[in-house]
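As they're listed, the protein sequences go chains S and Z. If you read the first sequence in our numbering, its first letter stands for residue 1, the second for the next number, and so on. If you read the second sequence in our numbering, its first letter stands for residue 1, the second for the next number, and so on.
Number of protein chains: 2
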Amino acid sequence: MAKSGEILSKLTEQGYRITPQRMMILDAIENAEDHISAEEILTLVCLQYPNVNISTVYRTLELLKQLGMVTETDFGDGRVRYHSIKKGRHHHLVCQKCGGIVDMEESIFNPVKETLLEQYGFDADIHHMAIFGYCKKCR
Amino acid sequence: MAKSGEILSKLTEQGYRITPQRMMILDAIENAEDHISAEEILTLVCLQYPNVNISTVYRTLELLKQLGMVTETDFGDGRVRYHSIKKGRHHHLVCQKCGGIVDMEESIFNPVKETLLEQYGFDADIHHMAIFGYCKKCR
DNA sequence: ATTATTGATACAAGGACTTGCAGTTGCATA
DNA sequence: TATGCAACTGCAAGTCCTTGTATCAATAAT
């Protein structure tokens, strides 16, 4: 179960329980090469323990999201994907023509966040966004 | 059917047909007080002509979105809402604690759009976004 | 005018989540 | 080590939206 120790202890701190399901789900996300979908997580988990339910996966993802351990991104293909915060924060540029996806620095939203705080007193929580548009080649 | 004339003629120009369903759906969106959901559109349309199907509503919304006549926003409450571009472009700040929604100027994203174009050659199409975070009171 | 062709629609089935509920389990405490 | 209970899970049913298919209507070609 690798080095997910910190996250697990954070769960305990906040009064949440550590269950085999949660450990396996967390493991799947942390070991994933790329952004992973709920269905893919379930498939991986079921290799170890077949009777885990998809709703448990969704509920755990919701929890991990709330605790800021995982981010959720909609790439516009009809299913949402998840990513461990430990593997780095970033956003995505999705080309609406060729479908290409390019990663982009998180800092790009800093000016927007500052303006929102100044003008609206709003503390924006912008994490792992997919921005749609047209890439260099396609526009 | 009010002053939807431009939009209807734009449909014709692009080789799309003007059907009663499309007119009624467009009408529902334009006359809506606020951002309206697909289900609400269907209810309104069915007052006039009961046999219209929800899938026609979704397909029409998809078309109007593509033509840039309507924007789609996810306020995070499990259903997406639509808004006529004629009634003004703007974004929303959604408070994750109190649920309050504040409109925000479109121009706030201009610096981001410029940076994306310079650094990535990406022409971002940022329309009608909902940004989550905490409002003045709640943070 | 008659026949293709294309486009739009209703209906039904499917996919991605979400929710209610009854039963199970982790874990604090005795 | 047992026990109490809130937290968690699996299951089934439900919601919102999408897609496949056959049918129907409008325009274009013959």
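All residues carry an ideal CB built from backbone N, CA and C; glycine is no exception.
For residue i, is the beta carbon positioned less than 7 Å from some heavy atom of the ligand NAD?
i, result
"I29/S", "Of the ligands one can find in the structure shown there are none, so the ligand NAD has no counterpart to examine."
Could you compute how far the alpha carbon of residue i sits from the alpha carbon of residue j?
i, j, result
"S37/Z", "Y58/Z", "10 Å"
"K65/S", "P20/Z", "44 Å"
"T115/Z", "G100/S", "19 Å"
"S55/S", "V80/S", "15 Å"
"N53/Z", "D77/Z", "23 Å"
"A32/Z", "Q14/Z", "26 Å"
"K42/S", "Y49/S", "One point to set straight first is that residue 42/S is Leu, not Lys, in the sequence displayed. So the alpha carbons of these two residues sit roughly 10 Å apart."
"H35/Z", "L63/S", "29 Å"
"C135/S", "K97/S", "8 Å"
"K10/Z", "I18/Z", "10 Å"
"E6/Z", "S84/Z", "13 Å"
"L44/Z", "L8/Z", "19 Å"
"C95/Z", "I108/S", "22 Å"
"I126/S", "Y16/Z", "38 Å"
"T12/S", "R139/Z", "25 Å"
"P111/S", "Y120/Z", "17 Å"
Grab me the residues of residue i's own chain with a C-beta within less than 6 Å of its C-beta, minus the 5 sequence neighbours each way, in chain order.
i, result
"V102/Z", "L93"
"K113/Z", "A124"
"R22/S", "T60"
Grab me the residues of residue i's own chain with a C-beta within less than 8 Å of its C-beta, minus the 5 sequence neighbours each way, in chain order.
i, result
"E118/S", "none"
"F122/S", "L116"
"H90/S", "D103, M104, E105, E106 and H128"
"K144/S", "Nothing about residue 144/S can be reported from this structure: the residues present for chain S run from 1 to 139 only."
Using 10 angstroms around the beta-carbon of residue i, count the other beta-carbons present and answer buried if the total reaches 16, otherwise exposed.
i, result
"M1/Z", "Because M1/Z carries a pLDDT of 39, less than 50, the predicted location of this residue cannot be relied on, and no value is offered for it."
"I131/S", "buried"
"K137/S", "exposed"
"L47/S", "exposed"
"Y82/Z", "buried"
"G133/S", "buried"
"E30/S", "buried"
"K3/S", "No answer about K3/S holds up, because its pLDDT of 47 lies below 50 and its placement is not dependable."
In chain order, what residues of the same chain have a beta carbon less than 7 Å from the beta carbon of residue i, not counting five sequence neighbours either side?
i, result
"N51/Z", "none"
"D74/S", "V80 and A130"
"E40/S", "none"
Contact between the segment 11-28 of chain S and the segment 62-80 of chain S (3+ Cβ pairs under 8 Å): The segment 11-28 of chain S vs the segment 62-80 of chain S: in contact.
Whole alpha helix (DSSP H) elements within the segment 61-129 of chain Z, 4-residue minimum: With a minimum length of 4 residues, the unbroken runs of alpha helix (DSSP H) contained wholly in the segment 61-129 of chain Z fall at 110-120.
Minimum length 4: unbroken alpha helix (DSSP H) runs contained in the segment 10-57 of chain Z: Listed in chain order, the complete alpha helix (DSSP H) runs (minimum 4 residues) inside the segment 10-57 of chain Z are 20-31 and 38-48.
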